[in-house]
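Following my numbering, the numbering of the sequence shown begins with 213 at its first residue and continues without gaps.
Below is one structure; the comments refer to it alone.
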Amino acid sequence: MSLGIGRRARGRTAALPGTDTGAAATGRIGSWALAGLVLLLSVLVVLLDVATGEDLRVIPLLVVVPALASVFCTLRQTVWVAVWITVIVVASGLGGDGTFWDFVFGIGFTVLACALGVAACAARIRHATEMDRLRSAAVALQRQILRPLPVITGQVSAYGLYEPMEEDRFVGGDIYEVVESPYGTRVIIGDVQGKGLAAIGAGFAAISAFREAAVREPTLTGVVEALEDAVVRHNVFSAQTGEAERFVTALVLGFDEEDGVQVVNCGHLPPRLLHEGRASAVPLERTYVPLGLAGLSRETRAEESFALPPGATLLVVTDGVTEARDAARAFYPLDRRLDGWAGHGPRELLDALHVDLETFTGGIRRDDVAALALCRAPGAGEPRPTTAAAEDVRPVAGAVSD
Numbered sequence: 213m214s215l216g217i218g219r220r221a222r223g224r225t226a227a228l229p230g231t232d233t234g235a236a237a238t239g240r241i242g243s244w245a246l247a248g249l250v251l252l253l254s255v256l257v258v259l260l261d262v263a264t265g266e267d268l269r270v271i272p273l274l275v276v277v278p279a280l281a282s283v284f285c286t287l288r289q290t291v292w293v294a295v296w297i298t299v300i301v302v303a304s305g306l307g308g309d310g311t312f313w314d315f316v317f318g319i320g321f322t323v324l325a326c327a328l329g330v331a332a333c334a335a336r337i338r339h340a341t342e343m344d345r346l347r348s349a350a351v352a353l354q355r356q357i358l359r360p361l362p363v364i365t366g367q368v369s370a371y372g373l374y375e376p377m378e379e380d381r382f383v384g385g386d387i388y389e390v391v392e393s394p395y396g397t398r399v400i401i402g403d404v405q406g407k408g409l410a411a412i413g414a415g416f417a418a419i420s421a422f423r424e425a426a427v428r429e430p431t432l433t434g435v436v437e438a439l440e441d442a443v444v445r446h447n448v449f450s451a452q453t454g455e456a457e458r459f460v461t462a463l464v465l466g467f468d469e470e471d472g473v474q475v476v477n478c479g480h481l482p483p484r485l486l487h488e489g490r491a492s493a494v495p496l497e498r499t500y501v502p503l504g505l506a507g508l509s510r511e512t513r514a515e516e517s518f519a520l521p522p523g524a525t526l527l528v529v530t531d532g533v534t535e536a537r538d539a540a541r542a543f544y545p546l547d548r549r550l551d552g553w554a555g556h557g558p559r560e561l562l563d564a565l566h567v568d569l570e571t572f573t574g575g576i577r578r579d580d581v582a583a584l585a586l587c588r589a590p591g592a593g594e595p596r597p598t599t600a601a602a603e604d605v606r607p608v609a610g611a612v613s614d
């Protein structure tokens, strides 16, 4: 069985900023506020034009108003502004002392400028709608690759936090997966180099290989070798189609029936262990090259082991957490925050992390945020209940935003 992102993500997908294409046509200025601003500006310009007389005509300057409206307003608002400005210019020309050709030239120039403003507004809305659709498709694809947590296996209770960037060219490649196999529970968390749909494709290649290898390979290093081969194959195909080759940083974990955890670190952040009121990074002896780059290194990846005692929580994150910045461009102090949350359970830990990240960054994310909180499942090492019974004890929801 294999699962990915949390259940609440599925229930709230429709509310994502990128999924409502109608939002692209929504103006940033209310109609009444816009009417007041345009009326006030028109009165000021007309009065200034009267004051300067025929020596300096100011009325033609109003043609810039539809251009400004095209940037901030809806298409209907922009058309309204263009018609109003045209009426003002025509009325001014009829009451002026200029020649017939001056009048014709002024009206023609005004109509052309207003038409260009309306066309620019329509083009902006069309482009924004297309980008919204692309963003929606990318986020939906990303969510389909990463399936719901929380889940309880025979060895591990896994909870997740996942926050995508949700911007078309910035949709990232954070991945994670939990697979229960004959050899215990295998977990991966990783980050694909780069962003966008190409990064999602590389992430999907890694996830697919992990789901298969986690069940097939008896050793964790065998799983990692299968992942390496999958990323290399994906890069070969990408090169043939003109796409850039990518690597994947990943932390691959294996949980058995005892207290031990096996791990192979492929260029990823080390896990943090929270136990008995203390939080600390797990000291790993080796960090190997990311997946896809083994050909550049002479090292053979090997697994390490550390203890995950009952009651402890293992937190693994992507660099979207550690590299989050506040308004002063300071990095998020994860380890300092964990010291204050060392007594939290896994769900409470992710809830606190999510709220604190939002507060620290002001809600502005520059990268995907992914985190897994892992702890020993209740009754680990004992015979597992039936599927129906397991569902009864499964948590209702994990600490997953969106």
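For glycine and all other residues, C-beta sits at the position ideal for the given N, C-alpha and C.
Note that the structure is a prediction, hence the values are computed from the model and not measured.
Specify the secondary structure class of residue i as computed by DSSP and reduced to three states.
i      : result
Thr461 : strand
Gly415 : helix
Thr322 : helix
Ala442 : helix
Gly479 : strand
Cys285 : coil
Gln452 : helix
Leu485 : strand
Gly385 : coil
Glu342 : helix
Thr433 : helix
Thr233 : The predicted position of Thr233 is uncertain, since its pLDDT is 44 and thus under 50; a value taken from the coordinates is nonetheless stated next. Reduced to three states, the DSSP call for Thr233 is helix.
Arg220 : Any reading at Arg220 must be qualified, since the residue scores a pLDDT of 38, below 50, and its modelled position is unreliable; no value is offered.
Ser509 : coil
Asp604 : The predicted position of Asp604 is uncertain, since its pLDDT is 38 and thus under 50; a value taken from the coordinates is nonetheless stated next. Three-state DSSP puts Asp604 in a helix.
Glu535 : coil
Short check: CB of residue i to CB of residue j, under 7 Å?
i      : j      : result
Ile297 : Val276 : no
Leu526 : Leu485 : yes
Ala442 : Ala417 : yes
His385 : Val404 : Checking the sequence, you will find Gly at residue 385 rather than His. Yes, the Cβ-Cβ distance between Gly385 and Val404 is below 7 Å.
Ala554 : Val368 : no
Glu389 : Ile412 : no
Arg559 : Tyr374 : no
Ala506 : Glu440 : yes
Arg513 : Val444 : no
Ser282 : Gly242 : no
Ala536 : Thr571 : no
Val257 : Leu274 : yes
Alpha carbon to alpha carbon, what distance is there between residue j and residue i?
i      : j      : result
Glu497 : Arg490 : 21 Å
Gly504 : Phe284 : 45 Å
Pro302 : Asp538 : It should be noted that the sequence gives Val, not Pro, for residue 302. Taking the straight line joining both Cα atoms gives about 52 Å.
Ala519 : Thr397 : 15 Å
Ala564 : Ile401 : 20 Å
Thr233 : Ile576 : Unreliable positioning characterises Thr233 in this predicted model, as indicated by a pLDDT of 44, which lies under 50. A coordinate reading is not provided.
Asp380 : Ala585 : Confidence is the limiting factor: at Asp380 the pLDDT is only 43, short of 50, which leaves the residue's position unreliable, though a coordinate-based value still follows. The straight-line gap from Cα to Cα measures roughly 28 Å.
Cys587 : Ser517 : 16 Å
Glu515 : His487 : 23 Å
Ala279 : Ala325 : 8 Å
Phe467 : Leu546 : 25 Å
Leu246 : Leu253 : 11 Å
Gln289 : Trp244 : 10 Å
His446 : Phe459 : 10 Å
Arg578 : Ala540 : 14 Å
His566 : Arg423 : 27 Å
Trp292 : Leu346 : 30 Å
Given 6 Å as the limit, tell me if residue i has its C-beta closer than that to any heavy atom belonging to the ligand SAM.
i      : result
Leu273 : Within the structure as shown, the ligand SAM is missing, as the structure has no ligands at all.
Among residues of its own chain, excluding the 5 on either side of residue i, which ones have a beta-carbon nearer than 6 Å to its beta-carbon?
i      : result
Phe312 : none
Phe315 : Gly305
Phe382 : Reliability of the predicted coordinates at Phe382 is poor, the pLDDT of 48 falling under 50, and no value is obtained from them.
Asn477 : Leu463, Leu496 and Thr499
Val427 : Ser393
Cys619 : Residue 619 is absent from the structure shown; the chain starts at 213 and stops at 614.
For the candidate residues the options, whose alpha-carbon lies nearest to that of residue i?
i      : options                           : result
Ala451 : Thr290, Ala410 and Ser369         : Ala410
Leu361 : Val399, Ala325 and Ala327         : Val399
Val533 : Val581, Ala506 and Pro521         : Val581
Leu287 : Arg336, Ala583 and Ala247         : Arg336
Ala320 : Val299, His339 and Ala332         : In the sequence on display, residue 320 carries Gly and not Ala. The residue with the shortest Cα to Cα distance from Gly320 is Val299.
Ser509 : Gly479, Gly523 and Ala340         : Gly479
Glu470 : Pro521, Asp344 and Val391         : Pro521
Arg359 : Val391, Thr341, Asp531 and Leu249 : Val391
Val295 : Val250, Phe317, Glu455 and Arg338 : Val250
Glu457 : Leu481, Phe422, Pro502 and Ala438 : Pro502
Gly617 : Pro376, His566, Pro272 and Met343 : In the structure as shown, the chain begins at 213 and stops at 614. Residue 617 is therefore absent and cannot be evaluated.
Gly523 : Thr341, Leu561, Gly557 and Val291 : Gly557
Once the 5 residues before and after residue i are set aside, which same chain residues still bring their CB inside 7 Å of it?
i      : result
Gly415 : Ile357, Gly385, Ile387 and Val404
Arg549 : Asp568
Val323 : Thr298
Ala438 : Ala421, Ala425 and Glu429
Within a Cβ cutoff of 8 Å, which residues of the same chain sit near residue i, ignoring the five residues on either side of it in sequence?
i      : result
Pro483 : Leu463, Leu465, Val475, Ala493, Val494, Leu526, Leu527 and Val528
Leu260 : Val270
When the cut-off is 7 Å and only beta carbons count, does residue i lie next to chain D?
i      : result
Ala411 : The question asks about chain D, but that chain is absent: this structure has only one protein chain.
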